[in-house]
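Undergrad: Have a look at the structure that comes next, please.
Protein chains: 2
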Amino acid sequence: MKKIINSPEDVVSEMMAGLVYAYSDLIEQVPDFDIIRRKTAKTGKVGLVSGGGSGHEPAHAGFVGDGMLSAAVCGAVFTSPTPDQVYEAIKEADEGAGVLLVIKNYSGDIMNFEMAREMAEMDDIQVEQIVVADDIAVENSLYTQGRRGVAGTVLVHKILGAAARQGKSLAEIKALADEIVEHIKTIGVALSAATVPEVGKPGFVLADDEIEYGVGIHSEPGYRREKMKSSKALAEELVQKLKTEFDFKAGDKYGLLINGMGATPLMEQFIFTQDVAQLLAVEKLDVVYKKVGNYMTSIDMSGLSLTLIKIDNEKWLEYLNEPVSTISWG
Amino acid sequence: MKKIINSPEDVVSEMMAGLVYAYSDLIEQVPDFDIIRRKTAKTGKVGLVSGGGSGHEPAHAGFVGDGMLSAAVCGAVFTSPTPDQVYEAIKEADEGAGVLLVIKNYSGDIMNFEMAREMAEMDDIQVEQIVVADDIAVENSLYTQGRRGVAGTVLVHKILGAAARQGKSLAEIKALADEIVEHIKTIGVALSAATVPEVGKPGFVLADDEIEYGVGIHSEPGYRREKMKSSKALAEELVQKLKTEFDFKAGDKYGLLINGMGATPLMEQFIFTQDVAQLLAVEKLDVVYKKVGNYMTSIDMSGLSLTLIKIDNEKWLEYLNEPVSTISWG
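Chains A and B are the protein sequences, given in the same order. Residues in the first sequence are numbered from 1 upward in steps of one, following our numbering. Residues in the second sequence are numbered from 1001 upward in steps of one, following our numbering.
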């Protein structure tokens, strides 16, 4: 393992310190907690809390700011944050109108976020939650019942964050969340696995000419391992999977998120984007929103994921397009 | 070589197509040229053109937009753009007030940008140029007389772009450029080299426990190879090099850019940021501007660079802080 770190057990605290140092205009750390909160004044609107294990940077702290998350909880690497951390984040995010929790579908996250929710409700804070399970690769996985929550989660942050800023109620935002998560689906491919600092070796090893489709963001197994393919062939495989799930119809409106896993250069992400664009054009989809870059990474994993959101409501597109002030979403 | 590409000879054209597809609200390609131009209306102000070999994404196309570059020329991977491409970019960028070329110090770039400049001057376009040579690692290198131009170039884009938007004249911007480049210095460290698609193997190979200080962004040799160190020790080495160059004095104002080389996760970049922050605090520097992320990469190289700009004029800080509309600088 060759990483620019000090002690593996200190990576989260040191990373948070660096983040807060670099972006003290936008965010701050909640004293004594592994929580990043935004520095904007409280305005009595619904708060949004997300988070999970660290190692997915810029998720989730990079999305804290006006128009997205109120606070992000940073667990140990690939490990759910504890209930007391999430509870504290809920208290930080509450401005009197309640808090919505955005949880990626991992059993540990759900358990701990729900415990925190119960603690907050005993304080009379209204709390709702949405579980994101956008990864269509496999059903059930190492840490998940059902489908895993991956890069599509960032679109949930964006849409709900914009709705919260517009002053929607907790009930309205919960209803919106329930609706959009059904319209967001993701599928990925890995060229190499992530190395967790405390483990010191990759989660699995692929040969120099091998890839694996559908790997999770914690190196959970995917659905097929095979010889390396061209970008075009990878795009065909992933678009085909999404086509089956969505039932593409000509003229339907979609948003597109291509997400690098941490070690994949932008050059490759843009080449893949071009191949995806051509396939979506063949399907005659109307792609009205596009974003390419590293948003929900898996430490130093090489690979990428393709997310589509079916835009069934113009309001969702408006929410996606609203400007935000965060570190990592522009 | 395991890369998400199609044919190695098509990587630049396909990457540009993906970029233009994803960000058609901000940029467009000049038909028949490997040039990205901004879509803003022409306002009669000074134009800024930069570029160079591809493989440094998001540089330089990611910095095209209102308040930064007018146009970026995308050469083949790690290869200078041809004079006719740069000439075309100058014509695109000229709004009647002349054009300034921002050139990284590589012999091929200087030759070709200067030939383009001569061609443009025959069309009566006023052209000035600035050569950025911020890498303090070594004197002279594989492709460079003097010092190489690296990540500090992005700060030049930002400052000059803001000045151009404010309506400064070409002479004023040239004078500003001459002044700031003396105040920007960079030094880096590599954990692995880049693999150029058409070459198919890394520019050099480091052992699993080895690093090299001062490697260039085209895998040019650095100044010392040794065993892997902690982030803190790497920060000490790089800060010490900059301290010697700048002659740090307590209370002096600096801006900080920590730049990932392409395959280095944000987690590591932020840990390194924290270590640098502590060392700069010991020096009692006043760090008034900070930026961390992948800005001037070297394809899939693992490593990072540290850039400091000594802020001798409050106006430079104002230019750095002005909002911009680009793909990759927020």
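Just so it is clear, CB atoms sit at the ideal spot from N, CA and C, and this is done for glycine as well.
If the cut is a Cβ gap below 7 Å, which residues of chain B does residue 133(A) touch?
TA: In chain order: nothing, as chain B lies at least about 25 Å away.
Undergrad: Check residue 1243(B) in the structure and name its three-state DSSP category.
TA: Three-state result, residue 1243(B): helix.
Undergrad: Under 7 Å, Cβ to Cβ, is there at least one residue of chain A near residue 1292(B)?
TA: Yes, contact with chain A.
Undergrad: Are the stretch 1253 to 1271 of chain B and the stretch 2 to 20 of chain A in contact at 8 Å, needing three or more beta carbon pairs?
TA: With a cut-off of 8 Å, the stretch 2 to 20 of chain A and the stretch 1253 to 1271 of chain B count as touching, because enough Cβ pairs lie within range.
Undergrad: Using a Cβ-Cβ distance cut-off of 7 Å, determine whether residue 1203(B) contacts chain A.
TA: No, residue 1203(B) does not count as interfacial toward chain A.
Undergrad: Count the C-beta pairs between the stretch 1249 to 1267 of chain B and the stretch 1297 to 1306 of chain B that are closer than 8 Å, then say yes if the count reaches three, no if not.
TA: Touching, per the Cβ criterion.
Undergrad: Starting from residue 1117(B) and walking both ways along the alpha helix (DSSP H), at which residues does that stretch end?
TA: Here the alpha helix (DSSP H) through residue 1117(B) covers 1107 to 1122.
Undergrad: Of the choices 197(A), 226(A), 311(A), whose alpha-carbon is the least far from that of residue 11(A)?
TA: Measuring from the Cα of residue 11(A), the nearest candidate turns out to be 197(A).
Undergrad: List the residues of chain A that residue 1231(B) touches, going by C-beta distances under 7 Å, in chain order.
TA: The contacting residues are 4, 5, 6.
Undergrad: Would you please verify whether the beta carbon of residue 1017(B) is less than 7 Å from any beta carbon of chain A?
TA: Judged by the 7 Å Cβ criterion, residue 1017(B) is in contact with chain A.
Undergrad: Count the other CB atoms within 10 Å of the CB of residue 249(A); is the residue buried (16 or more) or exposed (fewer)?
TA: Per the 10 Å Cβ criterion, exposed.
Undergrad: Using alpha carbons as the reference points, say which of 1019(B), 1136(B), 1166(B) lies closest to residue 1318(B).
TA: If we check each option's Cα against that of residue 1318(B), 1166(B) comes out closest.
Undergrad: What in chain B is Cβ-close to residue 191(A), meaning under 9 Å?
TA: Per Cβ cutoff of 9 Å: 1002, 1003, 1004.
Undergrad: Applying a beta-carbon distance threshold of less than 9 Å, which residues of chain A neighbour residue 1277(B)?
TA: Here the neighbours are 17, 18, 21, 22.
Undergrad: Just to confirm my understanding: we take residue 104(A), look at its own chain, exclude 5 residues before and 5 after, and list those with CB closer than 6 Å. What are they?
TA: Contacts found: 52, 132, 149, 153.
Undergrad: Taking its Cβ as the centre, do 16 or more other Cβ atoms sit within 10 Å of residue 1085(B), making it buried, or is it exposed?
TA: Classification for residue 1085(B): buried.
Undergrad: What are the boundary residues of the alpha helix (DSSP H) that includes residue 321(A)?
TA: Looking at the DSSP string, the run of the alpha helix (DSSP H) that includes residue 321(A) is 314 to 321.
Undergrad: Report the three-state DSSP secondary structure of residue 1202(B) (helix, strand or coil).
TA: Reduced to three states, the DSSP call for residue 1202(B) is strand.
Undergrad: With distances taken from CA atoms, which of 1146(B), 1176(B), 1194(B), 1139(B) is nearest residue 1157(B)?
TA: Closest by alpha carbon: 1176(B).
Undergrad: What is the DSSP secondary structure of residue 153(A), counted as helix, strand or coil?
TA: Residue state, collapsed to three classes: helix.
Undergrad: When the cut-off is 7 Å and only beta carbons count, does residue 330(A) lie next to chain B?
TA: Yes, contact with chain B.
Undergrad: When DSSP builds the beta bridges, which residues end up paired with residue 1040(B)?
TA: In the DSSP output, where bridge partners are listed per residue, residue 1040(B) has none listed.
Undergrad: How many angstroms separate the CA atom of residue 224(A) from the CA atom of residue 1091(B)?
TA: Spanning the two alpha carbons is a distance of roughly 50 Å.
Undergrad: Just to confirm, are residue 1002(B) and residue 1(A) a CB contact at a threshold of 7 Å?
TA: Cβ distance not < 7 Å, so residue 1002(B) and residue 1(A) don't count as in contact.
Undergrad: Taking all protein chains shown into account, decide if residue 294(A) is buried (16 or more other Cβ within 10 angstroms of its Cβ) or exposed.
TA: So residue 294(A) counts as buried.
Undergrad: For residue 1094(B), which residues from the same chain have a beta carbon less than 6 Å from its beta carbon, with the 5 sequence-adjacent residues on both sides left out?
TA: Taken in chain order, the residues that qualify are 1047, 1125.
Undergrad: What I want to know is whether the C-beta of residue 1232(B) ends up closer than 6 Å to one or more non-hydrogen atoms of the ligand NAD.
TA: This structure does not include the ligand NAD; it has no bound ligands of any sort.
Undergrad: Beta-carbon of residue 1262(B) versus every beta-carbon of chain A: anything under 7 Å?
TA: For residue 1262(B), the answer is yes, since a Cβ of chain A falls inside 7 Å of its Cβ.
Undergrad: Residues of chain B with CB under 8 Å from residue 11(A), in chain order?
TA: 1267, 1271, listed in chain order.
Undergrad: Could you list which residues in chain B have their beta carbon closer than 7 Å to that of residue 68(A), in chain order?
TA: The contacting residues do not exist; residue 68(A) stays about 13 Å from chain B at best.
Undergrad: Nearest to residue 1056(B) by CA position, among 1145(B), 1134(B), 1296(B), is which residue?
TA: Taking only the C-alpha atoms, the option nearest residue 1056(B) is 1296(B).
Undergrad: Assuming contact is defined by CB atoms lying nearer than 7 Å, are residue 1287(B) and residue 1280(B) in contact in what I supplied?
TA: Against a cut-off of 7 Å, the Cβ pair of residue 1280(B) and residue 1287(B) comes out as a contact.
Undergrad: Three or more C-beta pairs under 8 Å: does that hold for the stretch 1106 to 1117 of chain B against the stretch 1074 to 1089 of chain B?
TA: With a cut-off of 8 Å, the stretch 1074 to 1089 of chain B and the stretch 1106 to 1117 of chain B count as touching, because enough Cβ pairs lie within range.
Undergrad: Any idea if residue 251(A) is buried or exposed, counting beta-carbon neighbours within 10 angstroms, 16 or more meaning buried?
TA: Residue 251(A) comes out exposed.
Undergrad: Since residue 297(A) meets chain B, which of its residues come closer than 8 Å, beta carbon to beta carbon?
TA: Here the neighbours are 1265, 1266.
Undergrad: For residue 1129(B), which of helix, strand or coil comes out of DSSP?
TA: Three-state DSSP puts residue 1129(B) in a strand.
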